[in-house]
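J.:
Residue numbers (the working numbering): 23 to 360.
#1: On the three-pair Cβ rule with 8 Å, is the segment 202 to 217 touching the segment 272 to 284?
#2: Residues in the same chain with beta-carbon distance under 8 Å from residue 397, minus the five sequence neighbours each way, listed in chain order, please.
#3: Taking its Cβ as the centre, do 16 or more other Cβ atoms sit within 10 Å of residue 46, making it buried, or is it exposed?
#4: In the DSSP assignment, find the unbroken beta strand (DSSP E) run with residue 140 in it and report its ends.
#5: Just the C-alpha distance for residue 115 and residue 126, rounded to the nearest angstrom, thanks.
#6: Exposed or buried, residue 29, counting other C-beta atoms within 10 Å across all chains shown (16 or more means buried)?
#7: Looking only at DSSP bridge pairs, what is residue 77 linked to?
#8: Over the uninterrupted beta strand (DSSP E) stretch that includes residue 271, give me the two end residues.
#9: How close, in whole Å, do the beta carbons of residue 268 and residue 314 come, if the pair is a contact with beta carbons under 8 Å?
#10: Taking all protein chains shown into account, do 16 or more other C-beta atoms lie within 10 angstroms of the C-beta of residue 122, making it buried, or fewer, making it exposed?
#11: By a C-beta neighbour count over all protein chains shown, 10 Å radius and 16 as the cutoff for buried, is residue 270 buried or exposed?
#12: Could you tell me if residue 246 is buried or exposed, where buried requires 16 or more neighbouring beta carbons within 10 angstroms of its beta carbon?
#13: With burial defined as no fewer than 16 other Cβ atoms inside 10 Å of the residue's Cβ, what is the status of residue 74: buried or exposed?
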């Protein structure tokens, strides 16, 4: 069993009856009738600031009953444990209702990582002998040693690292990432904080410390599980978006024949003589892609006449993926002579 994180932690309360201040509920003393938190205004709460994010896998609430000479019916009846990363927004970790135990110990199904924990007592959750009052002799939060990821990298098909959002942190479990359209697969490289941990990616164990995941266009779920020798499992989720096509399929320019057009060739040199203008009609591989035509910073619509000046005219066509983040820029350098 791990250490009691609540022992002498910074603690505050919604209210208390003097001298039964909240600190008396985390001082480790259970044989002194004055060493308890007493609250006569329910709902009420005790809030603990652990000063750092910690993993809690078990917690205990010790009531007055059978402690320091109190009758058995002086136990707390209903209460819950909540967690928070900021001390403001709370998530219910575990709930107890209809309790008859003076020492109520609860093992969490999955350990919870947080800096702040709160014991919340609803309006009807007070002592069995007096529902309008709450009294806690001791609150314990037992730390669990968790095996987490020490690092996580995702690389696209070309070996470039895909940025995780938010930036990776061992206690952060949910991320997003974007890769280009050409990455129909990614490489996932997770490293655990303990070498004996077993890591799986979408249910498959790593090979040489990595896993390959095939991607469809759009959102793809990547689940990374880290299991310790003790059987605890941490699950990380990464939503990887593969962009839709950013390629041109074809382009028509009046007054020109574009020989050997290829969607993966991005620069073309053309020559025009005494041509006042040209109309550019691009067709994207994905009809829903955004296509922008510009000359000298001025945008033109598909099929609109684009005036040509003597000398070099660089017409840019930028295709941007409808889904995800990817784009291609095609440049048509037109040298107009007279």
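Glycine included, C-beta positions come from ideal geometry on N, C-alpha and C.
T.: Considering the structure as presented:
#1: no
#2: No information on residue 397 is available, as it lies outside the stretch 23 to 360 that the chain covers here.
#3: buried
#4: 125 to 143
#5: 15 Å
#6: exposed
#7: 135
#8: 270 to 275
#9: Contact doesn't hold; Cβ gap of about 12 Å is too wide.
#10: exposed
#11: buried
#12: buried
#13: exposed
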